[in-house]
Amino acid sequence: MAKHDLDPNYLDPNYEPVVNHSDNTPFHQVLAARMQRRTVMKGSVGAALASVMGVGLAGCGSDSNDSTTSSNVTSTDLGFKAVATSTANEVVVPEGYSSQAFLPWGTPITGSYPDYKPDGTNTGAEQEQQMGMHHDGVHFFPIDQKAGGDSSTEGLLVMNHEYINQSALHANGATKASDNGGFRPADEVRKEIAAHGVSVVHIKRDTNGTWDIVFGSPFNRRITGNTEMDIRGPVRGYSKLITKYSPDATETRGTLNNCAMGPTPWGTYLAAEENWHGYFKHDSFDLPREQARHGVSGTSYKDDGVTVKPASTRYDWEFADSQEDQYVRFDVTPGAGSATDDYRNEANTYGYMVEIDPFTPESKPQKRTALGRFGHEGVIFAPVKEGEPVVCYSGDDSRFEYIYKFVSSKPYYAATAGGYLLDEGTLYVARFNEDGSGDWLPLDLDNAEFKAKVDTAVGTTVGDVAFAGFENQADVLLNTRLAADIAGATTMDRPEWGAVDPNSGQVYFTLTNNSNRGKDGYDGVNAANPNEINNTGHIIRWSEEGNDHTATSFDWDIFVFAGEQGTETVVDDEVIVSLTDDNIFNSPDGLWFDYNGRLWIQTDGSDAAPYQNNMMLAANPETREIKRFFVGPQGCEVTGVVSTPDVKTMFVNIQHPAANWPDASDPRPRDATVIVTRDDGGIVGA
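Sequential numbering from 0 applies to the sequence shown in numbering that gives the first Met the number 0.
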């Protein structure tokens with residue numbers, strides 16, 4: 000048993016379990032070794048915080064002598080007055096800006112458009128036609144995008160719904176199985192599954208500047224935890240995905256715990272499946288390795304044969320009183336028959352990026368297995384080039400997990416590009432070296448170096464899993480975390496959202512935090528993570544060799560450390576960033592470059608002083624100037640941001656507000672999208 004299994008919050012949807020117990024070099028040790036040649040800076044509260052990059056990155060104006068055009072510098076300037084931190088139950092934006100809540104949970108968007116009921120009595124069937132809960136990653140697709148247009152007045156707003164607030168979702172809170180003869184009402188379960196997934200909403204701005212739903216549009220759509228989906232890529236048809244629902248392992252139902260996302264170069268939407276493992280129950284300690292490595296629940300956790308506590312799934316959907324397959328499937332305990340008789344492999348159909356075509360409402364979502372199976376936070380594509388491979392990056396949002404890159408086998412051609420490009424290619428995992436260089440390690444059995452590592456690992460315990468080899472490449476992808484352990488990747492502090500600078504091509508990733516840093520049994524403090532419990536996080540970035548995103552090597556540095564006032568980020572003994580009241584922040588999470596090249600940083604951390612409510616900041620990647628632009632209401636996470644192509648309307652998602660927001664008269668807090676505009680109609684952030 001790992002120490003994290005004793006954590007009383009292990010079923011909290013915001014809790015990121017530690018499931019990686021490999022001996023791979025932790026990122027903090029890499030930084031510590033490099034700090035031996037760097038100056039340690041101290042902030043106003045005595046915390047030793049420093050960047051450790053001694054090698055300038057190509058394309059970074061602040062770290063190199065590369066010339067940058069004045070137009071680029073102008074496009075990334077921050078022309079607003081920073082807002083102060085806030086504890087108010089409202090959205091705060093800069094002077095000269097306005098905000099309004101839009102599309103809150105329960106808003107009718109399709110079907111018979113059933114009205115939201117503040118008393119919580121909407122049925123499961125009605126929730127399937129309404130906005131889901133816990134808005135997260137979001138993207139705006141111009142309505143004329145397929146024709147090469149860039150409308151900023153009409154389009155499809157597509158967003159994820161990560162998880163739910165059970166007490167708010169139902170009239171009297173959720174009925175516990177333990178209080179109801181061992182079962183949960185089936186319609187409660189149906190409603191909870193329906194509140195997950197993705198919403199596609201056709202929206203349009205009128206001549207007065209007001210945005211609204213285009214009611215009756217054929218594009219309006221809900222994808223839920225029960226929507227039929229295809230399995231694509233190398234894992235399609237693999238025996239370990241056979242279920243009663245799909246005996247040939249080519250289909251599954253639903254997508255769950257969708258956090259961040261990524262628009263594809265061909266105009267579709269990829270939804271990430273992050274903490275999906277908490278939805279499945281297994282009545283055994285002897286879990287298949289692909290379930291054990293992801294933390295799928297057993298009957299109890301134990302240490303030296305002592306039962307500690309009974310395990311449970313997040314919402315106990317498997318106990319629905321109808322006992323239909325759509326609910327029973329969340330119990331992945333093997334039955335007496337074969338895999339075609341039960342749902343022992345149901346969990347293996349989750350943990351992927353799910354492609355949705357918003358412009359083809361009759362299309363079936365596709366699970367793209369070549370991108371790997373882990374706790375996907377999202378996906379970000381590098382700029383595409385005609386006749387060259389497609390490249391995308393994804394982080395595994397859990398403590399001590401990894402950053403991945405996929406390079407397609409087939410080249411991109413705009414006229415014919417589609418999801419097939421994501422079905423064949425090479426998945427790499429990142430190793431960050433002490434000298435500021437990095438390597439992409441292929442997770443491919445046809446690669447001699449990786450195959451040798453796999454052969455050496457056979458018969459050993461890897462990441463607390465007894466390893467007996469991989470059956471084939473599908474098995475590698477099904478067990479991506481295990482493969483990354485074997486490859487020798489660098490463990491990271493919760494890699495979440497990524498973003499590619501449209502001007503320099505550099506890749507940025509948030510490393511949100513690691514609350515186990517320095518705890519007994521975990522890695523201790525070091526110069527790059529100086530607090531015994533690292534609650535603040537940082538943002539890393541890198542340049543691919545030759546500015547070629549298909550390259551297998553890169554140079555990296557730290558863009559900024561989060562923290563309190565006085566926290567310093569240092570490059571070559573020079574203080575590059577010193578946080579002030581205008582930009583203190585903690586736990587960077589969401590990350591997005593707008594179409595002009597400003598970097599937007601969203602937080603999901605402590606709302607205690609001095610940070611107060613979670614927020615969104617804007618950064619100039621050339622100068623590293625950072626200003627607080629937006630503060631959310633009480634208890635929320637600020638997550639998901641996108642704008643119209645003209646960058647004059649911004650959409651920001653608010654997840655799990657704690658109090659009655661956005662309508663104080665509503666007894667239930669409601670997740671919602673916030674529309675932000677400049678009062679003079681100008682570019683947001685300029």
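Just so it is clear, CB atoms sit at the ideal spot from N, CA and C, and this is done for glycine as well.
- In the DSSP assignment, A483 falls within the unbroken alpha helix (DSSP H) covering 479-486.
- As computed with DSSP, A381 is found in no beta bridge at all.
- Residue pairing by DSSP puts P107 in a beta bridge opposite Q129.
- With contacts defined as CB atoms closer than 8 Å, T602 and P620 fail to qualify as a contacting pair.
- About 39 Å separates the CB atoms of T489 and A414; that is not less than 8 Å, and the two are not in contact.
- Between N659 and V630, the C-beta spacing is not below 8 Å.
- When DSSP states are grouped into helix, strand and coil, K175 belongs to the coil group.
- Per DSSP, the unbroken beta strand (DSSP E) holding R204 starts and ends at 196-204.
- In the three-state reduction of the DSSP assignment, N159 falls in the strand class.
- In this chain, the beta strand (DSSP E) harbouring R220 covers 220-222.
- Contact between M228 and G136 is absent: CB atoms are separated by about 18 Å, not below the 8 Å threshold.
- Secondary structure of R288 (DSSP, three-state): helix.
- The beta carbon of S85 sits closer than 7 Å to those of V91, Q611, N612, V630, all from its chain and outside the five residues before and after it, given in chain order.
- Along the length of the segment 308-336, whole alpha helix (DSSP H) runs at least 4 residues long occupy 324-327, reported in chain order.
- Under the 10 Å beta carbon count, K404 is surrounded by 16 or more other beta carbons and is classified as buried.
- About 4 Å separates the beta carbon of G119 from that of A170, a gap short enough to meet the 8 Å contact definition.
- The Cβ neighbour count for D580, taken over all protein chains shown within 10 Å, is under 16; the residue is labelled exposed.
- Annotated three-state conformation of I653 is strand, per DSSP.
- Contact between A83 and A185 does not hold, since their C-beta atoms are separated by about 48 Å, which reaches or exceeds 8 Å.
- The beta-carbon separation of T226 and R252, rounded to 7 Å, stays under the 8 Å limit for a contact.
- A distance below 8 Å between beta-carbons, with the five flanking residues on each side excluded, links V464 to the following residues of its chain, in chain order: R288, A291, R292, L481.
- The alpha carbon of V213 has as its nearest neighbour, out of G565, C258, T122, G110, the alpha carbon of G110.
- In the DSSP annotation of this structure, S296 is not part of any alpha helix (DSSP H), being labelled neither H nor E.
- DSSP, read as helix, strand or coil, puts H548 in coil.
- Proximity to H160 across D178, G105, S151 peaks at G105, based on C-alpha coordinates.
- Taking the Cα positions, M615 is about 26 Å away from H201.
- Among the bridge pairs identified by DSSP, K404 is matched with Y392, Y427.
- Here D443 has T425, L426, F449, Q472, V475 as same chain residues with Cβ atoms under 8 Å from its own Cβ, once five neighbours each way along the sequence are excluded.
- Across the structure, W591 and P262 are spaced so that their CA atoms are roughly 12 Å apart.
- Annotated three-state conformation of V188 is helix, per DSSP.
- Here the alpha carbons of N502 and I575 stand approximately 20 Å from one another.
- Apart from sequence neighbours up to five positions away, the residues of its chain that approach L156 with a beta-carbon distance below 7 Å are V137, F139, V200, I202, F650, ordered along the chain.
- If you ignore the 5 residues before and after V457, its C-beta comes within less than 7 Å of the C-beta of F466, A467, G468, all in its own chain and listed in chain order.
- Inter-segment contact for the segment 505-524 and the segment 538-551 is present: three or more beta-carbon pairs are separated by less than 8 Å.
- D135: not part of any alpha helix (DSSP H); member of the beta strand (DSSP E) spanning 134-141, first to last residue.
- Rounded to whole angstroms, T676 and P668 show a C-alpha spacing of 24 Å.
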